[in-house]
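Take any residue in the sequence shown, count from 1 to its spot, add 636: that is its number in this note's numbering. Ideal Cβ placement from N, Cα and C applies to all residues, glycine included. Predicted, not measured: the structure shown is a model, and the values here were computed from it.
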Amino acid sequence: MARSGSSDVDVMLGNPRRAILAMAVPVTVAMLVQSLNNMIDAVWVSGLGTAALAATGVVFPLFFIMIGIGNGIGVGSSQAIARRIGAGDRDGAGRVAVQAVLMTLVAGLAMTVVFGLSVRPLMVACGAGDYLQECVDYAFPLLVSAPVVLMSSLFSALLRSEGAARRSMVLQIVSAVINIVLDPIFIYTFGWGMAGAAWATVLSMVASICIGAYWYFVRRDTYVAIPIRGSRFDREMDRDILRVGLPASMEMILMSLTGIIMNQIIISVDPVNGVAIYSSGWRILNIAMIPVMAIGSTVVPICAAAFGMKDMAKLRDAFRYALGYGVVMMLAVAVLLAVFAPYVIVMFTYSDASSALAPELTQFLRTCCLFLPFLPFGFVSSGFFQSQGMGVRSLIATLGRNLLRLPVCWLLSSYGVLGYLWYGLTFAEVVGSVAFGLWGMMTLRAILRYSGSYRRDGPPQDL
637 MARSGSSDVD
647 VMLGNPRRAI
657 LAMAVPVTVA
667 MLVQSLNNMI
677 DAVWVSGLGT
687 AALAATGVVF
697 PLFFIMIGIG
707 NGIGVGSSQA
717 IARRIGAGDR
727 DGAGRVAVQA
737 VLMTLVAGLA
747 MTVVFGLSVR
757 PLMVACGAGD
767 YLQECVDYAF
777 PLLVSAPVVL
787 MSSLFSALLR
797 SEGAARRSMV
807 LQIVSAVINI
817 VLDPIFIYTF
827 GWGMAGAAWA
837 TVLSMVASIC
847 IGAYWYFVRR
857 DTYVAIPIRG
867 SRFDREMDRD
877 ILRVGLPASM
887 EMILMSLTGI
897 IMNQIIISVD
907 PVNGVAIYSS
917 GWRILNIAMI
927 PVMAIGSTVV
937 PICAAAFGMK
947 DMAKLRDAFR
957 YALGYGVVMM
967 LAVAVLLAVF
977 APYVIVMFTY
987 SDASSALAPE
997 LTQFLRTCCL
1007 FLPFLPFGFV
1017 SSGFFQSQGM
1027 GVRSLIATLG
1037 RNLLRLPVCW
1047 LLSSYGVLGY
1057 LWYGLTFAEV
1067 VGSVAFGLWG
1077 MMTLRAILRY
1087 SGSYRRDGPP
1097 QDL
């Protein structure tokens, strides 16, 4: 069958207003389904006892590193492919896709060997105590399946790079649904316990890989081909992927470390309830932030393709529309969250043991929802930097926004009031988002000037 996929590409290369909405909506749906999957997964695991829940926490940092590496390769390849699509270099886009697949397989196999030979010592180093065996049971299937975890993420990124966000959504929804179905069967019906939870996750990812492989190698109806036969590593293309991919991987890993430090600051103020309020409230905020995260991710292929087309008007408009949509959406989310906060927190405060947290958890959400309308400045700028191959700038913007909260909250912790920390967190997020948003705007302006979109006698009428 001849390759098609041109309709998705036409949307991505067309009106940026339509392109952002057409891609952001499926990405948002996919992220929401994945969040639901994570919550249901935690519910099934909790039935195995507190040791099982503790084991998932111990394993998570290593699993997060794997996810971070896969996300980095995916983002790096996405901008490189989209830029070549915009330039009309379809074959070049396919060669980048090949490099991404080879890179993913090599990285995945290397992690399988390292993790497989040292899973027990790694669990001890991560803090596994009396529940070491539960940690090993859960970690081993996940860690030795690194190629599966990375490849599942890559196929979704490759599809988004050619504007096929709906197909990417299908892969993630199928994976989530299969995981939800297999969890109780593997954990309880088969009696596999923690290992069952891990294998359910792995097999759900295998299913999404099979669908992606069918589209690319059997049906062959994607816009970008992946000519595996006769392929070899290309240093130039690898550098093109890694100049964004490496910083993107570091973003997720370093964000995890800043979270650990933030927990220590909170513990110094309230060692009993502080982290419970923060972690529960942040889970809710993560769901609330999904729309702006989706918009930020769609900026990468759309702006990269516009740059490849050398259409600076589309590049500028895509940035502006993404920012505008993001602010409006997050303003609406912030208002809804502030109004319905007492009802949203019920899932974390329904028991007698946790009901006392309700007032402070409500205060946390109503305070932190104030920074939500400012987040698009940071997320859109970060996605824009990645689209232009400026991976280090994206790393600085994302990490800087997260690091800013540490000194602010540390200074406020001396007052011994949790509420002050939430105001400090909100202040840091607002300042960081706006500051790095301005950096993104200045970078866009510089690119436009360099391209000749500005004239000495003033900007074009539509700027």
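Problem set entry | Within the region 879 to 950, ranges of the alpha helix (DSSP H) (whole runs, at least 4 residues) | 910 to 924 and 926 to 944
Problem set entry | Cβ neighbours of P863 in the same chain (closer than 7 Å, five flanking residues each side left out) | G730 and V734
For this session: Take the Cβ of D727 as the centre, count every other Cβ of all protein chains shown within 10 Å, and call the residue buried at 16 or more, exposed below.
Result: exposed
Problem set entry | CB-CB length for P841 against S788, believed under 8 Å | It is worth fixing the name first, because residue 841 is Met in this sequence and not Pro. Going by Cβ atoms, the distance from M841 to S788 rounds to 4 Å, so yes, they are a contact pair.
Exercise. Hey, would you say V880 sits closer than 8 Å to G1025, going by beta carbons?
Worked result: yes
Exercise. Taking DSSP as the reference, what is the three-state secondary structure of M873?
Worked result: helix
Exercise. Three or more beta-carbon pairs under 8 Å between the region 801 to 821 and the region 715 to 727, yes or no?
Worked result: No: fewer than three Cβ pairs fall under 8 Å.
Exercise. Is the distance from the Cβ of L795 to the Cβ of T740 below 8 Å?
Worked result: no
Exercise. Got a sec? Which residues, its chain only, sit under 6 Å from R1085 by beta carbon, not counting five neighbours each side?
Worked result: none
Exercise. How would you write the range of the alpha helix (DSSP H) that W828 sits in, first residue to last?
Worked result: Element bounds for W828: n/a, residue is neither H nor E.
Exercise. Taking all protein chains shown into account, do 16 or more other C-beta atoms lie within 10 angstroms of the C-beta of T825, making it buried, or fewer, making it exposed?
Worked result: exposed
For this session: Report all residues from its chain with a CB closer than 8 Å to the CB of I656; omit the five preceding and five following residues, and keep chain order.
Result: I931, T934, V935, I938, A954, Y957, A958 and Y961
Exercise. Count the other CB atoms within 10 Å of the CB of Y850; is the residue buried (16 or more) or exposed (fewer)?
Worked result: Y850 is exposed by the Cβ-count criterion.
For this session: Quick one: residues in its chain with C-beta nearer than 7 Å to the C-beta of R690, no 5 flanking neighbours on either side, listed in chain order?
Result: Sequence check: residue 690 is Ala here, not Arg. Contacts found: Y767.
Exercise. Hey, quick one: how far does the alpha helix (DSSP H) through Y1056 stretch, first residue to last?
Worked result: L1054 to S1087
Problem set entry | Euclidean distance between Cα positions of V647 and V711 | Between V647 and V711, the C-alpha separation is close to 20 Å.
Exercise. Alpha helix (DSSP H) containing S754: first to last residue?
Worked result: R726 to A761
Exercise. Taking the Cβ atom as the reference point for each residue, do G917 and F1000 lie within a distance shorter than 8 Å?
Worked result: yes
For this session: State the Cα-Cα distance for the pair D725 and V969, rounded to the nearest angstrom.
Result: D725 and V969: Cα-Cα distance of roughly 40 Å.
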